[in-house]
Amino acid sequence: MKINLHVVAATFSIFLSASFLASQEAHAPSSGLALTPPMGWNSWNKFACNVSEDLIKGTADAMVKSAMKDAGYEYIVIDDCWQVSRDANSNIVADPERFPHGMKAVGDYIHSVGLKFGIYSDAGSKTCQGRPGGLGHEYQDAIQYAAWGVDYLKYDWCNTTTQDAKASYANIRAALDASGRSIVLSICEWGTAKPWLWGKEVGGNLWRSTADISDKWEGSTKWPDGSCCSDGMLVNLDLQVGLASYAGPGHWNDPDMLEVGNGGMTDTEYRSHFSLWSILAAPLIAGNDLRNMRPEIQNILTNKEVIAVDQDSLGREGERVGKDGNLEVWAKQLKDGSRAVVLFNRGGTEEKITAAWDALGYPDHLAASVRDLWQHKDLGKFTGKFSSSVASHGVVMVSVKP
Ligand code: GLA
């Protein structure tokens, strides 16, 4: 038998480089991050540009005191407007009035109470609020963020002109990894270039699948400059249909941050918002003032049974499995084989909604225990289906366990 040594050598070297790359990937500082959807708080929804050291420290304290830390919230993320310029060496400069002790001091404080530090920048020349962006400074900024103790970077998409989205996010991921620090990468390009198709490949841990959420139930409004959009909660919810297969441990669809507690929706609507984001395995990033929360809002944000659905280690995103006009059934498979189910009534009057077992992937004859995750109550055994009346704009959320 004649052996072609060139082929053997080439095969061997392909094998070597493939295993070298695989081992490099396995040891990248970002491997193993966000195995469940990230949980935390972000300044934007409530405070916009009104960020400061006091706000961030107060929020970190409140996250601990309000039992949110205990419920799993971890990242405190400062969104746009913390930065004002670049210095003579092009280093990014934080607002000296709003952050008088600098960003490392902020990060140190957040870490001192057992939480993690997130920050915001933009893949273009400027952020959405016109502050200095990251373009051309990716490696320099990544080193700076690592030195400040940053654990999470939200990277926006304003002022990117002709940039390629996939290449831009791959570049910042490489820069973050080169810093040597484990940093979650939150891709914020609003779903424009379908980041669910490439977000995982470039090392993104979550990617926005929608335009910006706003604190309202429905409807979509263009920004004053004609660009798109400020969306009601239902708009962002509906945009998740069809995306479930792209999510999994380490890489999540992000229908945008929570508006729970910001005042534009009723508590019933906020309970629906929180339940639906949890069934979607969405990142749970609170966006309200944690220092001044009504108990009803705190109860929503810290419902451990609902959070457990979001954080289930199987990492399946739930899907809409039934729709009849305004009445919907959403379901999510959980690690132990059970299902979390949301009966959702978008309409204006109370209605009865039924989840049939076959829509959940169960045989009709199966008997399963049903537990109400908002009332914290076992409802008994049901065969073939479970029905409940559901308030207008409300949900009934249950687990169904064979
Ligand atoms: C964009 C993002 C928002 C927020 C603002 C800040 O609109 O989508 O989430 O970060 O920028 O300017």
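Residues 12 to 413 in my numbering are what the sequence shown lists, from first letter to last.
Every residue, glycine too, gets a C-beta built ideally from N, C-alpha and C.
For this session: With hydrogens ignored, establish whether the beta-carbon of tryptophan 159 is closer than 7 Å to any heavy atom of the ligand GLA.
Result: False, no ligand heavy atom lies under 7 Å from that Cβ.
Exercise. Is the beta carbon of glutamine 140 within less than 7 Å of some heavy atom of the ligand GLA?
Worked result: Yes, Cβ of glutamine 140 sits closer than 7 Å to a heavy atom of the ligand GLA.
Exercise. Within 7 Å: the Cβ of cysteine 199 and any heavy atom of the ligand GLA?
Worked result: For the ligand GLA, at least one heavy atom lies less than 7 Å from the Cβ of cysteine 199.
For this session: Report the rounded CA-to-CA distance for serine 283 versus tryptophan 385, giving the unit in angstroms.
Result: Rounded to whole angstroms, serine 283 to tryptophan 385 spans 11 Å at the Cα level.
Exercise. Any idea what DSSP makes of glutamine 35, helix, strand or coil?
Worked result: With a pLDDT of 45 at glutamine 35, under the threshold of 50, the predicted position of this residue should be treated as unreliable, though the coordinate-derived value follows. If DSSP states are grouped into helix, strand and coil, glutamine 35 belongs with the helices.
Exercise. Could you give the residue range of the alpha helix (DSSP H) that holds methionine 79?
Worked result: Here the alpha helix (DSSP H) through methionine 79 covers 79–82.
Exercise. Would you call the stretch 348–367 and the stretch 399–412 in contact, with 3 or more CB pairs under 8 Å?
Worked result: When C-beta atoms of the stretch 348–367 are compared with those of the stretch 399–412, three or more pairs fall below 8 Å, so the two segments count as touching.
Exercise. Can you pull the DSSP bridge partners for phenylalanine 397?
Worked result: Answer by DSSP bridge pairing, in chain order: Ala366.
Exercise. Who are tryptophan 263's beta bridge partners in DSSP?
Worked result: DSSP output for tryptophan 263 lists Leu217 as bridge partner(s).
For this session: Measure the alpha-carbon distance for aspartate 106 versus tryptophan 93 and round it to whole angstroms.
Result: The straight-line gap from Cα to Cα measures roughly 6 Å.
Exercise. Is any heavy atom of the ligand GLA found at a distance shorter than 7 Å from the C-beta of aspartate 167?
Worked result: Yes, since a heavy atom of the ligand GLA falls inside the 7 Å radius drawn around the Cβ of aspartate 167.
For this session: Tell me whether tryptophan 288 counts as near the ligand GLA, meaning its Cβ is closer than 7 Å to at least one heavy atom of that ligand.
Result: With a cutoff of 7 Å, tryptophan 288 does not count as near the ligand GLA, since its C-beta is closer than that to no heavy atom of the ligand.
Problem set entry | Whole beta strand (DSSP E) elements within the stretch 280–366, 3-residue minimum | The stretch 280–366 contains these whole beta strand (DSSP E) runs: 295–297, 330–335, 338–344 and 350–356.
Problem set entry | Same chain only: Cβ atoms within 6 Å of proline 413, ignoring 5 sequence neighbours per side | Hits under 6 Å: Leu377 and Ala379.
Exercise. Residues in its own chain within less than 6 Å of serine 410 by CB, not counting five upstream and five downstream?
Worked result: Excluding residues within five positions, the ones whose Cβ falls inside 6 Å are Ser349, Ala351 and Arg382.
Problem set entry | Secondary structure, beta strand (DSSP E): runs of 3+ residues fully inside the stretch 96–131 | Within the stretch 96–131, the complete beta strand (DSSP E) runs of at least 3 residues are 103–105.
Problem set entry | 8 Å CB neighbourhood of leucine 46 in its chain, flanking five on each side removed | Taken in chain order, the residues that qualify are Pro260, Gly261, Ser324 and Gly326.
Exercise. Ends of the beta strand (DSSP E) at lysine 76?
Worked result: Run containing lysine 76: none in the beta strand (DSSP E); it sits in the alpha helix (DSSP H), 64–76.
For this session: Throw me the rounded Cβ distance for the asparagine 299 and isoleucine 308 pair, which I believe falls under 8 Å.
Result: By a beta-carbon distance limit of 8 Å, asparagine 299 contacts isoleucine 308. Their separation comes to about 7 Å.
Problem set entry | Span separating the alpha-carbon of lysine 80 from that of glycine 125 | Taken atom to atom, the span from the alpha-carbon of lysine 80 to that of glycine 125 is near 9 Å.
Exercise. Should the stretch 238–249 be called in touch with the stretch 312–320, which here means at least 3 C-beta pairs below 8 Å?
Worked result: Taking a cut-off of 8 Å for Cβ pairs, the stretch 238–249 and the stretch 312–320 do not touch, as fewer than three such pairs fall below it.
For this session: Give me whichever residues DSSP pairs with proline 143 in a beta bridge.
Result: In the DSSP assignment, proline 143 forms a beta bridge with Lys137.
Problem set entry | Bounding residues of the beta strand (DSSP E) (the contiguous stretch that carries tyrosine 86) | Unbroken beta strand (DSSP E) run through tyrosine 86: 86–88.
For this session: Keeping to the same chain, check which residues put their C-beta closer than 8 Å to that of histidine 148; ignore five residues upstream and five downstream.
Result: Around histidine 148: Arg97, Ser101 and Ile103.
Exercise. Hey, how far is the Cα of asparagine 273 from the Cα of proline 40?
Worked result: Distance between the alpha carbons of asparagine 273 and proline 40 is about 36 Å.
Exercise. Near isoleucine 154, what residues of its chain come up, given a Cβ to Cβ distance below 7 Å and the 5 sequence neighbours on each side ignored?
Worked result: Taking C-beta separations shorter than 7 Å and ignoring five residues to either side along the sequence, the partners of isoleucine 154 in its chain run Ser190, following chain order.
Problem set entry | Assigned secondary structure, arginine 192 (DSSP; H/G/I helix, E/B strand, else coil) | If DSSP states are grouped into helix, strand and coil, arginine 192 belongs with coil.
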